[in-house]
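Let me begin by presenting the structure, written as structure tokens, before commenting on it.
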């Protein structure tokens, strides 16, 4: 899940901004996107605290789905990810990744 993620020293930007040091936390380099994994971890932890054993979610382009599936895999939870049929066709690789990680991925006709 890439947490904690690396900090990068932005030397050129620090020089340009006349700062002594400027560090960037590059969450955009996460393979699940920048904020999606953070949201998924919070949602899954809440579900576990509530005694849930299965997660049901939806995704459009697939990044939220992948992040949620990765989190469920880490916490040993079952997951169903719904995705529109056209999105599933366009994002077949992400659907493949979600299924490889144990998700059930039915497509919806809309």
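In full-length UniProt numbering, the protein residues as written are 1 to 110. Positions of the beta carbon are idealized from the N, C-alpha and C atoms, including for glycine.
Rounded to whole angstroms, how far is the Cβ of residue i from the Cβ of residue j, which I believe are closer than 8 Å?
{"i": "residue 83", "j": "residue 53", "result": "With 8 Å as the limit, residue 83 and residue 53 do not qualify as a contact, their Cβ atoms being about 22 Å apart."}
{"i": "residue 69", "j": "residue 103", "result": "4 Å"}
{"i": "residue 85", "j": "residue 109", "result": "6 Å"}
Hey, residue i and residue j: beta-carbon distance below 9 Å or not?
{"i": "residue 25", "j": "residue 67", "result": "no"}
{"i": "residue 94", "j": "residue 59", "result": "yes"}
{"i": "residue 80", "j": "residue 44", "result": "no"}
{"i": "residue 75", "j": "residue 99", "result": "no"}
Apply the 10 Å Cβ neighbour rule to residue i and answer buried if 16 or more other Cβ atoms are within range, or exposed otherwise.
{"i": "residue 30", "result": "buried"}
{"i": "residue 62", "result": "buried"}
{"i": "residue 87", "result": "buried"}
{"i": "residue 42", "result": "exposed"}
{"i": "residue 51", "result": "exposed"}
{"i": "residue 18", "result": "exposed"}
{"i": "residue 40", "result": "buried"}
Out of the options, state which residue places its alpha-carbon closest to the alpha-carbon of residue i.
{"i": "residue 12", "options": "64, 22 and 6", "result": "22"}
{"i": "residue 28", "options": "6, 46 and 16", "result": "6"}
{"i": "residue 107", "options": "9, 97 and 89", "result": "89"}
Is residue i near the ligand NAP, going by C-beta to nearest heavy atom under 8 Å?
{"i": "residue 13", "result": "No copy of the ligand NAP occurs in the structure displayed, which carries no ligand at all."}
Note down, one range per segment and in chain order, each beta strand (DSSP E) of at least 3 residues found wholly within the UniProt domain "Tryptophan synthase beta chain-like PALP" (8 to 105).
-> 23 to 25, 54 to 58 and 78 to 84
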